[in-house]
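Residue numbers (the working numbering): 1 to 219.
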């Protein structure tokens with residue numbers, strides 16, 4: 001390739017590269033980036049404030065009440081399966097235990113109540129400022145119900161493995177269910193709720209309903 005043509009090709013390549021860089025660093029791009037950063041910071045601030053406020057409100061209710069409610073509900077479910085026992089306080093005072101007749105003692109602590117997951121989920125839902133308040137209230141109520149259901153399912157599953165597996169397996173299953181519960185209840189439910197709240201579900205179906213049947217046939 002002649003030297004002049006090679007220099008011309010390099011200049012064009014550099015010019016194209018510079019234009020690309022200018023486009024990325026242009027005012028429009030910077031404006032969008034700043035707007036997204038502002039929205040993210042605002043969401044994080046609201047989420048932190050909502051979660052902190054909910055933690056303060058939940059602290060007004062004695063923790064033992066929540067632990068005993070969960071323990072009583074679990075014991076009632078076990079009674080229907082022929083397992084009986086009683087609820088006793090733990091020596092440390094930060095938990096209660098279900099003492100099964102002729103069986104193991106199952107501690108119910110703060111992490112077993114599901115309050116942490118419910119507060120986190122409610123906090124991020126309330127922090128979604130761009131969504132109407134009534135949809136956020138529905139999300140918080142539905143999220144609390146789903147969190148409670150998943151939490152009880154996790155506890156009963158752990159008890160099942162206590163009776164049918166070794167201690168090492170039980171510890172692994174307990175930790176796995178706890179992390180899976182966090183992921184499912186907080187991340188997955190929020191994603192589903194957000195899609196519903198922003199009109200992600202049934203959008204095409206609604207559009208079809210609005211189209212007259214005569215027009216559908218014509219299409």
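Note that CB positions come from ideal geometry on N, CA and C, so glycine has one too.
Cβ neighbours of residue 67 within its own chain (closer than 8 Å, five residues either side excluded): 95, 96, 108, 109, 110, 112, 113.
Taking all protein chains shown into account, residue 40 has fewer than 16 neighbouring C-beta atoms within 10 Å of its C-beta and is therefore exposed. Measuring C-alpha to C-alpha distances from residue 106 to each of 136, 155, 151 identifies 155 as the nearest.
Pairing residue 125 with residue 65 gives a Cβ-Cβ distance that is not under 9 Å. The region 52-63 and the region 77-85 do not touch, with fewer than three beta-carbon pairs separated by less than 8 Å.
Taking 3 residues as the shortest admissible run, the region 100-156 contains the following complete beta strand (DSSP E) segments, listed from N- to C-terminal end: 105-108. With respect to residue 117, residue 147 sits close: the two C-beta atoms are nearer than 9 Å.
A direct Cα-Cα distance of roughly 48 Å separates residue 167 from residue 132. Of the residues 86, 119, 115, the one whose Cα lies closest to the Cα of residue 104 is 86. The beta carbon of residue 74 sits closer than 8 Å to those of 98, 106, 108, 152, 155, 156, 159, all from its chain and outside the five residues before and after it, given in chain order.
Residue nearest to residue 138 within the set 42, 178, 101, 189 is 189 (criterion: CA-CA distance). Judged by DSSP secondary structure, residue 72 falls within the alpha helix (DSSP H) whose first and last residues are 63-79. When secondary structure is reduced to three states using DSSP, residue 96 falls in the strand class.
For residue 88, the secondary structure class from DSSP, reduced to helix, strand or coil, is strand.
Per DSSP, the continuous alpha helix (DSSP H) segment holding residue 167 begins and ends at 167-182. For residue 185, the CB contacts under 7 Å within the same chain, skipping 5 residues up- and downstream, are 117, 121, 146, 147, 150 in chain order. Under the three-state reduction of DSSP, residue 158 is assigned to helix. Secondary structure note for residue 60: it is in no alpha helix (DSSP H), with a DSSP letter that is neither H nor E. Taking residue 163 as reference, the option from 176, 102, 181 with the minimal CA-CA separation is 102.
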